[in-house]
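Heads up, the thing below is written out as structure tokens.
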Amino acid sequence: MPYPEFVNNDAFIKMDSSVSEQQQLKAMLANLKRIHQLTATQFASFDELIHQYILSGIDIFGLETGIVSRIENDDYTVCDVISPLEVLKKDQVFALQETYCYEVIKSQSIVGFPNVGQLEYMNSHPVYQNLKLEAYLSAPIYVNNQIFGTLNFTSTNCRKHGFSIHEHDLIELMANSIGTFISLRQKEEKLLALNQQLHRFVGYVSHDLRSPLGAIISFTKMATKPNVPLTRIQLALSSIDKTAKQALEFVNTLLDSAALATGKIQLNQNNHALDQLINDTNTNLALLINDARVDIRTDINPSHQVYCDHQRIEQALSNLLINAIKFSPELSTITISSSQQQKQLLITISNTICEKKVAHGHTDNMLYSSTGFGLEIVKEIAIAHNGAFTSHQENGLYTSELCLPAA
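10 is the number of the first residue of the sequence shown in this note's numbering; add one for each residue after it.
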């Protein structure tokens, strides 16, 4: 679609005889300086940054309304807006195709409409029909080479002389600066999250490897004492073997979690019956369930199919069920249910909390002791499947929810 062209700077300056060329050049320089000051300012938050950019843009371009939008799929969300139009509010969500910015996303370029009413392909647009916004200038905001949203300015007054290349370059600088801020903030948040995860992993390792390594050393000393009966040596070696396997299992789980977090594990995804996944998990944990003296009650729709890596989801379900078993009182019931929400399956595991076990950090088996670490793995597995994991506690009931793509 042929959009209106941006006017050459020299030609644009000559169009307005009411202001001298020198004054216009000074204004252009002042605008550049103002944007440079914006880009050099360290803003405490995204909201503060976009608010200042909108204020500056309204002044620089002489347009009444400024918006920074977030575009996800077909939704256009107003991140912030400054406007005399009372119908526009922060956090409003519109259909993307019902906004002028659809043209920006479609063309992936900066668009300037000096007079929307004179454009046959735009004057029937719902925004024009309802708000009579004549002038429009907008640039896409890119974050990591993907369109995040738009920076746009509009007015109910036409731009008689159109938009200049200088204005094109200014809004491009502003949009790029916003995109850079978002990108840097995302990287900073990711680094902070990784640092926190590292601290948690160190805590898990110190907690879950100290005991088995200490036990191995103790059994080794016992077996190497002089005149130790063969039966005691065999018992010590058996205990060393069992404890070493548990420690190795923990280390492998730790490495798996790290690989999942960095995207180094490739998923082997296929369609799987959810009820079979649950049954397999219950079978694998049958001994633990029996020892804990708890009952597992399932309410799984037989038609529910999940698109997943069987091994990883079974690992996630095992971790969730182990967590529920660990802190449930004896003779209590743990419920596992499922529901479908559009293209997602929600797996819910609920159990009553035994406050005594929570208070004493109860665990009968080192392999099952890292509750927090197990939930970290569940979260990483869910993210790898484009799903989500949440948990909450209310009135003595603990609930875990694992959301996965339906087949």
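Note that beta-carbon positions come from the ideal geometry of N, C-alpha and C, so glycine has one too.
Just so it is clear, the structure is predicted and the values come from calculations on it, not from any experiment.
Can you grab the Cα-Cα spacing for the pair Leu222 / Leu413, in whole Å?
Counted from its first residue, the sequence shown places residue 222 at position 213. Counted from its first residue, the sequence shown places residue 413 at position 404. Spanning the two alpha carbons is a distance of roughly 37 Å.
Thr48 and Ser433 - do their beta-carbons sit closer together than 7 Å?
With the chain running from 10 to 416 in the structure shown, residue 433 is simply not present.
Quick check: the Cα distance between Ser220 and Asn360, rounded to an integer number of angstroms?
Locating residue 220 in the sequence shown gives position 211, counting from the first residue. Locating residue 360 in the sequence shown gives position 351, counting from the first residue. Between Ser220 and Asn360, the C-alpha separation is close to 28 Å.
Between Ile358 and Ser409, which are expected to be in contact by the criterion C-beta below 8 Å, what is the C-beta distance as a whole number of angstroms?
Within the sequence shown, numbered from 1, the residue matching residue 358 stands at position 349. Within the sequence shown, numbered from 1, the residue matching residue 409 stands at position 400. Confirmed, about 5 Å.
With distances taken Cα to Cα, identify the nearest neighbour of Ser192 among Asn154, Leu340, Leu182.
The sequence position of residue 192 within the sequence shown is 183, counting from 1. The residue with the shortest Cα to Cα distance from Ser192 is Asn154.
So who's on the other strand from Glu410, going by DSSP bridges?
Locating residue 410 in the sequence shown gives position 401, where the first residue counts as 1. Thr357, Thr399.
Write down the C-beta distance between Leu294 and Ile331 rounded to the nearest angstrom, noting that I regard them as a contact closer than 8 Å.
To locate residue 294, count along the sequence shown from 1; it is residue 285. To locate residue 331, count along the sequence shown from 1; it is residue 322. With 8 Å as the limit, Leu294 and Ile331 qualify as a contact, their Cβ atoms being about 7 Å apart.
From which residue to which residue does the alpha helix (DSSP H) around Thr48 run?
For this step, residue 48 is matched to residue 39 along the sequence shown. Start and end: 30-49.
In the DSSP assignment, find the unbroken beta strand (DSSP E) run with Ser65 in it and report its ends.
What you label residue 65 is simply residue 56 of the sequence shown in a count that begins at 1. Premise fails: Ser65 lies in the alpha helix (DSSP H), 55-70, not in any beta strand (DSSP E).
If you drop the 5 nearest sequence neighbours on each side, which residues of the same chain put their C-beta closer than 7 Å to that of Thr307?
For the purposes of this step, residue 307 is taken as the residue at position 298 of the sequence shown. Excluding residues within five positions, the ones whose Cβ falls inside 7 Å are Ile287, Ile345.
Since Ala232 and Ala224 are thought to touch, with beta carbons under 8 Å apart, how far apart are those beta carbons, to the nearest angstrom?
As a position in the sequence shown, residue 232 is number 223, starting the count at 1. As a position in the sequence shown, residue 224 is number 215, starting the count at 1. Contact flag wrong, Cβ pair sits at about 12 Å.
Can you tell me where the alpha helix (DSSP H) with Thr292 in it begins and where it stops?
Locating residue 292 in the sequence shown gives position 283, where the first residue counts as 1. Counting along the chain, the alpha helix (DSSP H) containing Thr292 begins and ends at 283-293.
Would you report the Cα separation of Phe70 and Gln33, rounded to the nearest angstrom?
Locating residue 70 in the sequence shown gives position 61, counting from the first residue. Locating residue 33 in the sequence shown gives position 24, counting from the first residue. Taking the straight line from one Cα to the other gives about 13 Å.
Based on the DSSP output, what are the partners of Cys317 in its beta bridges?
Sequence index remark: in the sequence shown, residue 317 carries index 308 (1-based). Cys317 pairs with Asn279.
Within 10 angstroms of the Cβ of Pro149, are there 16 or more other Cβ atoms? Answer buried if so, exposed if not.
Counting from one through the sequence shown, the residue named residue 149 turns up at place 140. Label assigned to Pro149: buried.
Taking 8 Å as the cut-off, does the region 27-47 touch the region 64-78 (at least 3 CB pairs, one atom from each stretch)?
Yes: the two stretches touch, three or more of their Cβ pairs being nearer than 8 Å.
Classify Cys88 as helix, strand or coil using the three-state DSSP reduction.
Position 79 of the sequence shown holds residue 88. Residue state, collapsed to three classes: strand.
Please report how far the alpha carbon of Leu160 lies from the alpha carbon of Ala282, in whole angstroms.
Against the sequence shown, residue 160 aligns to sequence position 151. Against the sequence shown, residue 282 aligns to sequence position 273. Computed Cα separation, rounded: 46 Å.
On a Cα-Cα basis, can you pick out the residue from Gly188, Glu403, Ala20 that is closest to His175?
Here residue 175 is taken as the residue at index 166 of the sequence shown, counted from 1. Checked all of Gly188, Glu403, Ala20; the closest Cα to His175 is Ala20.
Could you say which of Ala415, Ser341, Ser266, Leu146 lies nearest to Phe15 if we only look at CA atoms?
Your numbering for residue 15 matches position 6 in the sequence shown. Answer by Cα proximity: Leu146.
CA-CA distance, Ile59 and Ala184?
Indexing the sequence shown from 1 puts residue 59 at position 50. Indexing the sequence shown from 1 puts residue 184 at position 175. Whole-angstrom Cα-Cα distance: 10 Å.
Which first and last residues belong to the beta strand (DSSP E) in which Ala148 is found?
As a position in the sequence shown, residue 148 is number 139, starting the count at 1. Residues 144-152.
Are three or more beta carbon pairs between the region 238-257 and the region 198-215 nearer than 8 Å?
In short, these stretches do not touch, since the Cβ pair count stays below three.
Could you tell me whether the Cβ atoms of Cys110 and Glu143 are closer together than 7 Å?
Numbered from 1 along the sequence shown, position 101 holds the residue referred to as residue 110. Numbered from 1 along the sequence shown, position 134 holds the residue referred to as residue 143. No, these two residues do not count as a Cβ contact at 7 Å.
What is the DSSP secondary structure of Phe336, counted as helix, strand or coil?
The residue labelled residue 336 in the question sits at position 327 within the sequence shown. Reduced to three states, the DSSP call for Phe336 is coil.
On the premise that Gly126 lies in contact with Phe172, defined as a C-beta separation below 8 Å, what is that separation, rounded to the nearest angstrom?
The count along the sequence shown starts at 1 and reaches residue 172 at position 163. The count along the sequence shown starts at 1 and reaches residue 126 at position 117. So it is not a contact: roughly 16 Å between Cβ atoms.
DSSP three-state call for Ser27: helix, strand or coil?
Residue numbering aside, residue 27 sits at position 18 when the sequence shown is read from its first letter. Ser27: coil per DSSP, three-state reduction.
Which residue marks the beginning of the beta strand (DSSP E) containing Asn404, and which one marks its end?
Within the sequence shown, the letter at position 395 stands for residue 404. Per DSSP, Asn404 belongs to no beta strand (DSSP E) and is neither H nor E.
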